[in-house]
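>
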Amino acid sequence: MSSDRLDSFLKYLEAGSDMYLKRGNSSSNSVLGSNSSSIDSRYAYNSTNKSEEINNFEMTLAIIKPEAFDRRLEIEKIIRKEHFKIIHKTVVQLTPDQASDFYSDQYGNLSFPKLVLSLSKGPIVVYCLCKDNAINDWKTLLGPSDVPLARKDHPFSLRALFGVEERNLDRLHGSDNRDKAEKEIHFFFPKITVERLRCEQERLDYLNEHVVPVVLEGLVELCRQKPADPMIWFADWLLDNNPNKPRMAPVLMRIPT
1 MSSDRLDSFL
11 KYLEAGSDMY
21 LKRGNSSSNS
31 VLGSNSSSID
41 SRYAYNSTNK
51 SEEINNFEMT
61 LAIIKPEAFD
71 RRLEIEKIIR
81 KEHFKIIHKT
91 VVQLTPDQAS
101 DFYSDQYGNL
111 SFPKLVLSLS
121 KGPIVVYCLC
131 KDNAINDWKT
141 LLGPSDVPLA
151 RKDHPFSLRA
161 LFGVEERNLD
171 RLHGSDNRDK
181 AEKEIHFFFP
191 KITVERLRCE
201 QERLDYLNEH
211 VVPVVLEGLV
221 ELCRQKPADP
231 MIWFADWLLD
241 NNPNKPRMAP
251 VLMRIPT
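If you count the sequence shown from 1, position 3 lands on 3 in the UniProt record's numbering, and the numbers rise without skipping.
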């Protein structure tokens, strides 16, 4: 890989712009052997406005494999410049059995032994990344898993910059879709809850459907009762009328203690 090309890419990132790929029809991802968005060869500038509403905030898993371990700081710099938030990070060395478990959905494929070896031959850096549209944006930044194709059509992608063309060696990994992201994140970070954050309209819809009616009912009752301490009364009313609280069967409630 040419250091001049990497330097030019880092300067490009210093300008504060994002790379994005226009998405087309789905195609096969040879790393995971599953469907993924096809990759358009035209990159464009997309300035990030941090005040914009985040409509699809999500998490994805990223792995720097052993072959690129020595370049991890350069790769992480690009990750941060592309506005990914690193939620969790760990450095581990998997056994072949653990790598087999990670790639269990690829068992039986001709590429399975190569995938297991690529993940277990040395230390790896594992990231849980968070961003608006994190899954597709990370796949976009990775580029095609075919390194010669990445070098030809997507010269600023990570696989073009850090892959090994002579052996078509892919040194990086990214979750292919939301279901796989959840599974793969739980593999390395079992305590993380992976759930897409609601956009503003979804939050408003939820409040209007589940919260506002209960609060309004309580306020109307408050006006009728006119208690001496409205705050304490209203707090107790909300506790008693919380529609989500567990409810005991009447027969159980009559059992003496």
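Built from N, CA and C at the ideal position, the CB exists for glycine as well.
Note that this is a predicted model, so its numbers are computed, not measured.
1) Per DSSP, what kind of secondary structure is Lys-131 in: helix, strand or coil?
2) So, with DSSP's three-state summary, where would you put Leu-172?
3) Using only alpha-carbon positions, find the residue among Glu-200, Glu-184, Ile-63, Cys-223 that is nearest to Asp-101.
4) How big is the Cα-Cα spacing for Lys-245 and Leu-239?
5) Tell whether a beta-carbon distance below 8 Å holds between Lys-131 and Phe-84.
6) When DSSP labels each residue in this structure, what does His-83 get in the three-state scheme?
7) DSSP three-state label for Leu-238, please.
8) Does the distance from the C-beta atom of Gly-143 to that of Leu-129 stay below 8 Å?
9) Which of the three DSSP states, helix, strand or coil, is assigned to Ala-99?
10) Go ahead and label Thr-90 buried or exposed: buried means 16 or more other beta carbons lie within 10 angstroms of its beta carbon, across all protein chains shown.
11) Sorted by chain position, which residues of the same chain lie with C-beta nearer than 7 Å to Phe-234's C-beta, five sequence neighbours on each side aside?
12) Is the distance from the Cβ of Ala-99 to the Cβ of Phe-162 below 8 Å?
13) When you compare only the Cα positions, how much space is there between Val-147 and Phe-156?
14) Could you check if Lys-65 is buried or exposed, using at least 16 other CB atoms within 10 Å of its CB as the buried criterion?
15) Taking DSSP as the reference, what is the three-state secondary structure of Ala-44?
16) What separation, rounded to the nearest whole angstrom, lies between the Cα atoms of Asp-176 and Ile-135?
So, from the listed chains and residues:
1) One-based indexing of the sequence shown puts residue 131 at position 131. Reduced to three states, the DSSP call for Lys-131 is strand.
2) Within the sequence shown, the letter at position 172 stands for residue 172. In this structure, Leu-172 counts as strand in the three-state DSSP scheme.
3) By 1-based counting over the sequence shown, the position of residue 101 is 101. In terms of CA proximity to Asp-101, Glu-184 leads the group Glu-200, Glu-184, Ile-63, Cys-223.
4) As a first step, residue 245 is located in the sequence shown; it is residue number 245 there, counting from the start. As a first step, residue 239 is located in the sequence shown; it is residue number 239 there, counting from the start. So the two alpha carbons sit approximately 8 Å from each other.
5) Here residue 131 corresponds to residue number 131 of the sequence shown, with the count starting at 1. Here residue 84 corresponds to residue number 84 of the sequence shown, with the count starting at 1. Taking 8 Å as the Cβ cut-off, Lys-131 and Phe-84 qualify as a contacting pair.
6) Taking the sequence shown and counting its residues from 1, one reaches residue 83 at position 83. Correct three-state label for His-83: coil.
7) By one-based count along the sequence shown, residue 238 stands at place 238. Three-state DSSP puts Leu-238 in a helix.
8) As a first step, residue 143 is located in the sequence shown; it is residue number 143 there, counting from the start. As a first step, residue 129 is located in the sequence shown; it is residue number 129 there, counting from the start. No, the pair does not count as a contact, with Cβ atoms beyond the cut-off.
9) As a position in the sequence shown, residue 99 is number 99, starting the count at 1. DSSP, read as helix, strand or coil, puts Ala-99 in helix.
10) Stepping through the sequence shown from its first residue, residue 90 is reached at position 90. Answer is exposed; the Cβ neighbour count stays below 16.
11) Taking the first residue of the sequence shown as position 1, residue 234 is located at position 234. Within its own chain, the residues whose Cβ lies closer than 7 Å to the Cβ of Phe-234, once the five positions on either side in sequence are excluded, are Gly-218, Leu-222, listed in chain order.
12) Counting from one through the sequence shown, the residue named residue 99 turns up at place 99. Counting from one through the sequence shown, the residue named residue 162 turns up at place 162. Cβ distance not < 8 Å, so Ala-99 and Phe-162 don't count as in contact.
13) Translated into the one-based positions of the sequence shown, residue 147 becomes position 147. Translated into the one-based positions of the sequence shown, residue 156 becomes position 156. Between Val-147 and Phe-156, the C-alpha separation is close to 12 Å.
14) Numbered from its first residue, the sequence shown carries residue 65 at position 65. By the Cβ neighbour-count rule, Lys-65 is buried, with 16 or more other Cβ atoms within 10 Å of its own.
15) Position 44 of the sequence shown, counting from 1, holds the residue named residue 44. Note on Ala-44: pLDDT 28, under 50, position unreliable in the model; no value is reported.
16) Counting from one through the sequence shown, the residue named residue 176 turns up at place 176. Counting from one through the sequence shown, the residue named residue 135 turns up at place 135. Roughly 7 Å separates the two Cα atoms.
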